[in-house]
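Quick note, this note's numbering runs 2 ahead of the 1-based positions in the sequence shown.
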Amino acid sequence: MQQEILVTGATGNIGSILVPQLAGLKGVSVRALTRDPDNARELAECGAEIAVGRFDDKPSLAAAADGVDTLILIVPPSAECVAHNRNIISAAKKAGVRKVVRISAIKAAEDGPTENTRLHGECDRLLQESGLAYTILRPNYFMQNIFMSLESINADNVFYAGTGDGRLAMIDVRDVVDCAVAAATATDFDNQALEIGGPESISFSDVAATISEVGARQVAYVGVSPEDLEGALLQMGFDAWMAGLLREYSTVYGQGWGDLITDGVQRLTGKPARTFRQFTAEVLAPALV
Ligand SMILES: NC(=O)c1ccc[n+]([C@@H]2O[C@H](COP(=O)([O-])OP(=O)(O)OC[C@H]3O[C@@H](n4cnc5c(N)ncnc54)[C@H](OP(=O)(O)O)[C@@H]3O)[C@@H](O)[C@H]2O)c1
Numbered sequence: 003m004q005q006e007i008l009v010t011g012a013t014g015n016i017g018s019i020l021v022p023q024l025a026g027l028k029g030v031s032v033r034a035l036t037r038d039p040d041n042a043r044e045l046a047e048c049g050a051e052i053a054v055g056r057f058d059d060k061p062s063l064a065a066a067a068d069g070v071d072t073l074i075l076i077v078p079p080s081a082e083c084v085a086h087n088r089n090i091i092s093a094a095k096k097a098g099v100r101k102v103v104r105i106s107a108i109k110a111a112e113d114g115p116t117e118n119t120r121l122h123g124e125c126d127r128l129l130q131e132s133g134l135a136y137t138i139l140r141p142n143y144f145m146q147n148i149f150m151s152l153e154s155i156n157a158d159n160v161f162y163a164g165t166g167d168g169r170l171a172m173i174d175v176r177d178v179v180d181c182a183v184a185a186a187t188a189t190d191f192d193n194q195a196l197e198i199g200g201p202e203s204i205s206f207s208d209v210a211a212t213i214s215e216v217g218a219r220q221v222a223y224v225g226v227s228p229e230d231l232e233g234a235l236l237q238m239g240f241d242a243w244m245a246g247l248l249r250e251y252s253t254v255y256g257q258g259w260g261d262l263i264t265d266g267v268q269r270l271t272g273k274p275a276r277t278f279r280q281f282t283a284e285v286l287a288p289a290l291v
């Protein structure tokens with residue numbers, strides 16, 4: 003029997019890798035939620051069924067969840083994310099979905115030190131109290147976030163961050179995807195919450211050294227204060243909520259919040275997590291000019 007998997011946030015960082023991977027699996031049919039089908043053309047070409055909907059439009063979520071066995075729940079950070087998670091979890095429950103794999107965030111907790119940590123903690127609890135089977139994945143900082151600095155790396159061989167010497171066990175999004183696939187297609191991890199991260203805890207000075215070595219160019223990390231980072235993001239056009247979120251994360255990552263090596267990726271996928279060096283060689287280097 004075919005397993006019908008619905009992915010929300012399907013055109014984003016995780017979903018755009020996850021949906022084609024699921025579409026290539028035997029015995030799986032994948033449905034991808036987007037607000038705009040134009041964003042999902044490549045996903046449709048891979049064989050995904052496209053569902054058009056929004057997290058604040060309950061009828062569209064009911065239609066997207068119809069006939070679904072497993073929901074992979076990805077909701078971008080926003081002040082409305084609790085309502086968004088509530089709407090889709092409720093639609094899944096009404097549609098008879100068996101299990102939800104939710105992408106949360108590192109050390110999500112309702113008494114955590116950043117607003118996003120607390121909101122994820124609340125959303126995790128909503129799911130845990132829903133009566134649905136679940137696996138909650140709590141990833142560390144994504145290696146792919148360095149793409150936000152691609153322009154300055156390519157133009158000036160420099161990037162900026164507000165984490166000082168803080169070390170992070172950053173994770174390759176491809177490992178987040180592999181974990182989500184494993185959790186969605188097996189029952190071994192039902193009703194568990196797992197912290198997932200990379201195999202080493204590194205600072206942004208280490209990141210600069212690896213990009214310099216693998217990319218055969220000298221790239222520098224320039225540390226700025228979390229407050230100056232927020233100011234620069236506001237000038238670049240980020241909304242105040244997102245700029246504040248990145249300030250808060252920079253502060254706590256600078257204090258060691260991301261310095262957490264776990265065996266989550268190995269346990270879920272049976273493979274070691276990818277290193278930053280692998281990520282640089284395979285994903286970042288082709289984008290360096
Ligand atoms: N970045 C990190 O370092 C990190 C680390 C740990 C955890 N996380 C967590 O990972 C999650 C984000 O994953 P991601 O980066 O893959 O997502 P993303 O790229 O930020 O966004 C995913 C997609 O969500 C869709 N979307 C936005 N608003 C929507 C709405 N109102 N209704 C329906 N769809 C909407 C958009 O697609 P369309 O425009 O096509 O609709 C977007 O492409 C967050 O929960 C975040 O906290 C991130």
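In this text, a Cβ means the ideal position worked out from N, Cα and C, and glycines have one as well.
- Selection A163, D158 and A157 evaluated against A245 yields A163 as nearest (Cα-Cα).
- Distances from the alpha-carbon of C48 to those of L24, E229, V103 and L236 put L24 closest.
- In this structure, the beta-carbon distance from S106 to H86 does not fall below 8 Å.
- Note on geometry: alpha-carbon atoms of Q4 and E82 lie some 34 Å from one another.
- For the set R169, V99 and V175, the Cα lying nearest the Cα of L262 is the one of R169.
- Of the candidates T282, D38 and I198, the residue whose Cα lies closest to the Cα of R219 is T282.
- For Y255, the Cβ stays outside the 7 Å cut-off from all heavy atoms of ligand 1.
- Taking C-alpha positions only, L73 is separated from E51 by approximately 14 Å.
- Not one heavy atom of ligand 1 lies closer than 7 Å to the C-beta of N87.
- By the CB criterion at 8 Å, A93 and A67 fall inside the cutoff.
- Within 10 angstroms of the beta-carbon of T189 lie fewer than 16 other beta-carbons, which makes it exposed.
- Beta bridge pairing from DSSP links G225 with A163.
- Within the model, the alpha-carbon separation for T212 versus L231 is close to 23 Å.
- Going by beta carbons, T137 and F206 fall outside the 8 Å limit.
- Nearest to G29 by C-alpha distance, out of D174, T10, G217 and E6, is E6.
- By the beta-carbon neighbour count (other beta carbons within 10 angstroms, threshold 16), Q146 is buried.
- Under the rule that a run must span 3 or more residues, the beta strand (DSSP E) segments found entirely inside the stretch 28-76 read 30-36, 51-54 and 72-75.
- Around the beta carbon of M172, 16 or more other beta carbons sit within 10 angstroms, so the residue counts as buried.
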